[in-house]
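I have placed the structure first, in the form of structure tokens, so that the comments after it can refer back to it.
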DNA sequence: ATTGCGACTGATTGACCAGTCAATCAAGGA
DNA sequence: TCCTTGATTGACTGGTCAATCAGTCGCAAT
């Protein structure tokens with residue numbers, strides 16, 4: 001009788017896939033997506049060129065996989081923050097804090113997603129845009145739910161866009177090392193400045 | 001005697017250069033910089049392939065020229081808004097209004113600069129970064145000058161980053177047609193929402 | 001032992017495209 | 001008329017690189 005036991009072990013397959021993904025992330029962070037040859041990824045991972053294509057359909061699929069993974073986690077965390085309840089201020093601090101912390105823990109991955117996916121026309125395809133929209137809608141939902149805490153006339157959709165935009169540029173600035181430090185205290189300070197500015201404005 | 005009169009007419013040379021630049025801008029807006037072949041630009045401009053290289057050093061130089069032109073004008077306008085005086089609110093409204101208006105009048109050019117220069121690691125070279133920094137510093141200067149109108153503890157540099165970041169994402173959203181309309185009224189509304197949020201916050 | 005399968009290799013291929021260049025054209029001056 | 005010079009043309013070259021593929025290796029089941 002044929003054995004049910006599959007010849008390919010899914011667990012080790014996934015493990016190797018992740019290993020390649022991590023190597024690719026390092027390479028992309030160093031030289032950019034376009035500047036990274038598939039051979040560079042193979043070298044970084046310590047495997048042969050052709051093996052990349054055993055684990056990924058093509059070069060684009062590697063970047064997409066990175067983005068989808070990060071984005072899925074992000075969406076779940078934001079949903080968790082929302083579900084947990086609390087004030088609007090606490091939720092916004094949670095959202096901003098999560099992305100800033102993600103960068104502290106996984107700087108390469110965040111940098112690559114920010115620079116190569118969110119900012120590249122090429123990767124703004126249907127799948128990614130809809131993933132994108134999911135996060136925006138979730139944040140917009142938070143603003144709608146907390147409408148009582150907002151000044152009248154504040155548009156939730158526009159506010160969501162402005163908040164994420166400001167957060168994005170904050171991260172971009174930190175990545176470029178133009179802005180503040182990378183330690184936990186500096187991150188906390190940036191997060192608070194962002195949330196305070198949004199909630200209370202800069203006017204005296 | 002040799003004539004002083006130059007054989008090459010600088011005025012018509014510049015005119016043709018601008019013509020090519022406009023054709024390239026259209027092509028870049030439609031297919032992205034990387035997706036546009038030099039042949040596409042030539043076709044769009046109705047000239048031969050090789051002639052592009054008579055007017056520009058290479059493909060990159062075309063995009064750089066577009067950026068430098070736009071950025072130079074922007075910096076001058078922002079300086080003018082600052083010099084003209086007025087309240088902080090008026091100045092911020094002026095800055096945001098200028099960029100939004102620029103997009104209404106020259107959508108292709110603004111879109112290309114936004115998507116292909118500001119967001120591309122490749123074009124963030126020394127020249128462009130320093131041009132970039134000029135605008136940031138000018139805006140930061142405005143916040144410093146109006147410190148009396150600000151809440152204590154507001155960091156001018158961080159505020160400048162957040163303001164331009166939010167403005168950038170607002171434009172990006174409008175370009176993607178996800179957000180609001182493109183008519184003058186919608187633009188005015190977005191501009192006011194941005195400035196109001198920054199000055200007074202969203203909290204009630 | 002042998003066979004079947006997934007893991008793995010890296011040289012080769014084929015497409016793409018920026019940039020070059022030799023040749024032609026048009027206009028002005030001698 | 002003939003020369004000079006800049007404008008113009010587009011076929012061609014050279015380099016790059018993603019993706020393929022023919023094959024090797026090692027293990028596990030029969």
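Chains as they are written, first to last, in our numbering: chain A, 1 to 204; chain B, 1 to 204. Idealized CB from N, CA, C, for every residue including glycine.
Exercise for review: Please check if any C-beta of chain A sits within less than 7 Å of the C-beta of residue 206 of chain B.
Suggested key: Residue 206 of chain B falls outside the range modelled here, since chain B spans only 1 to 204, and no answer is possible.
Practice item. Assign residue 60 of chain B to one of two classes, buried (16 or more other C-beta atoms within 10 Å of its C-beta) or exposed (fewer than that). Key: Exposed, because fewer than 16 other Cβ atoms sit within 10 Å of the Cβ of residue 60 of chain B.
Practice item. Count the C-beta pairs between the stretch 152-160 of chain A and the stretch 98-108 of chain A that are closer than 8 Å, then say yes if the count reaches three, no if not. Key: no
Review point. How would you list, in chain order, the residues of chain B whose beta-carbon sits under 9 Å from the beta-carbon of residue 159 of chain A?
Key: 193, 197 and 202
**Study point:** Neighbour list for residue 169 of chain B in chain A, Cβ cutoff strictly below 8 Å
**Key:** 161, 162, 164, 165, 166, 168 and 169
Exercise for review: Give a yes or no on whether the minimum CB-CB distance between residue 63 of chain A and chain B is below 7 Å.
Suggested key: With a threshold of 7 Å between beta carbons, residue 63 of chain A makes no contact with chain B.
Practice item. Output yes if chain A places a C-beta closer than 7 Å to the C-beta of residue 95 of chain B; else output no. Key: Chain A, which has no Cβ nearer than 7 Å to the Cβ of residue 95 of chain B, makes this no.
Check your understanding: Which partner residues of residue 203 of chain B appear in the DSSP bridge assignment?
Key -> A:150
Review point. Got a sec? Which residues, its chain only, sit under 8 Å from residue 110 of chain A by beta carbon, not counting five neighbours each side?
Key: Answer for residue 110 of chain A: 70, 99, 102, 103, 171 and 175, listed in chain order.
Review point. If we cut at 7 Å on Cβ distances, does residue 38 of chain A have a partner in chain B?
Key: no
Check your understanding: Going by beta carbon distance, what residues of the same chain come within less than 6 Å of residue 73 of chain A, once the five residues before and after it are set aside?
Key -> none
Check your understanding: From the beta carbon of residue 115 of chain B, is the nearest beta carbon of chain A less than 7 Å away?
Key -> yes
Review point. What is the residue span of the alpha helix (DSSP H) that residue 10 of chain B lies within?
Key: 10-31
Point to revise | Residue-level contact to chain A via CB, residue 2 of chain B, 7 Å cutoff | key: Unreliable placement is indicated for residue 2 of chain B, whose pLDDT of 42 sits below 50; the coordinate value is still reported in the next sentence. No, its Cβ sits nowhere closer than 7 Å to a Cβ of chain A.
Review point. Which residue comes first and which comes last in the alpha helix (DSSP H) that contains residue 52 of chain A?
Key: 52-55
Review point. By a C-beta neighbour count over all protein chains shown, 10 Å radius and 16 as the cutoff for buried, is residue 31 of chain B buried or exposed?
Key: exposed
Point to revise | Beta carbon proximity, residue 107 of chain B to chain A, threshold 7 Å | key: no
Exercise for review: For the alpha helix (DSSP H) containing residue 68 of chain A, list its first residue and its last residue.
Suggested key: 59-83
Point to revise | Between the CA atoms of residue 45 of chain A and residue 29 of chain A - distance to the nearest angstrom | key: Answer to the nearest angstrom: the Cα atoms are 15 Å apart.
Check your understanding: Should residue 203 of chain A and residue 199 of chain B be called a contact, given that it needs their Cβ atoms to be closer than 7 Å?
Key -> Taking C-beta atoms as the reference points, residue 203 of chain A and residue 199 of chain B count as a pair closer than 7 Å.
Point to revise | Rounded straight-line distance, which links the Cα of residue 79 of chain A to that of residue 136 of chain B | key: One C-alpha to the other measures close to 34 Å.
Practice item. State buried or exposed for residue 190 of chain A, treating a residue as buried only when at least 16 other CB atoms are found within 10 Å of its CB. Key: buried
Practice item. Spell out whether any CB of chain B is found under 7 Å from the CB atom of residue 138 of chain A. Key: Using a CB distance cut-off of 7 Å, residue 138 of chain A does not count as an interface residue toward chain B.
Check your understanding: Quick one, which of B:113, B:185, B:128 and B:126 has its alpha-carbon nearest residue 121 of chain A's?
Key -> B:113
Review point. Any beta-carbon of chain B closer than 7 Å to the one on residue 119 of chain A?
Key: Judged by the 7 Å Cβ criterion, residue 119 of chain A is in contact with chain B.
Check your understanding: Run through DSSP, which three-state label would residue 1 of chain A get?
Key -> The predicted position of residue 1 of chain A is uncertain, since its pLDDT is 43 and thus under 50; no value can be drawn from it.
**Study point:** Alpha carbon of residue 82 of chain A to alpha carbon of residue 97 of chain A, nearest angstrom
**Key:** 14 Å
Point to revise | 7 Å Cβ cut-off: residues of chain A touching residue 154 of chain B | key: 202
Practice item. Evaluate residue 193 of chain A with the Cβ neighbour count: other Cβ atoms within 10 Å of its Cβ, from every protein chain shown; 16 or more gives buried, anything less gives exposed. Key: buried
Exercise for review: Express the C-alpha separation of residue 24 of chain A and residue 11 of chain A in angstroms, rounding to a whole number.
Suggested key: 20 Å
Point to revise | Partner residues on chain A for residue 190 of chain B, Cβ-Cβ distance less than 8 Å | key: 158
Check your understanding: Relative to the C-alpha of residue 115 of chain A, which residue among A:77, A:66, A:201 and A:87 is closest?
Key -> A:66
Check your understanding: If you count every other CB in all the chains shown that lies within 10 Å of the CB of residue 160 of chain A, and 16 or more means buried, which is it?
Key -> buried
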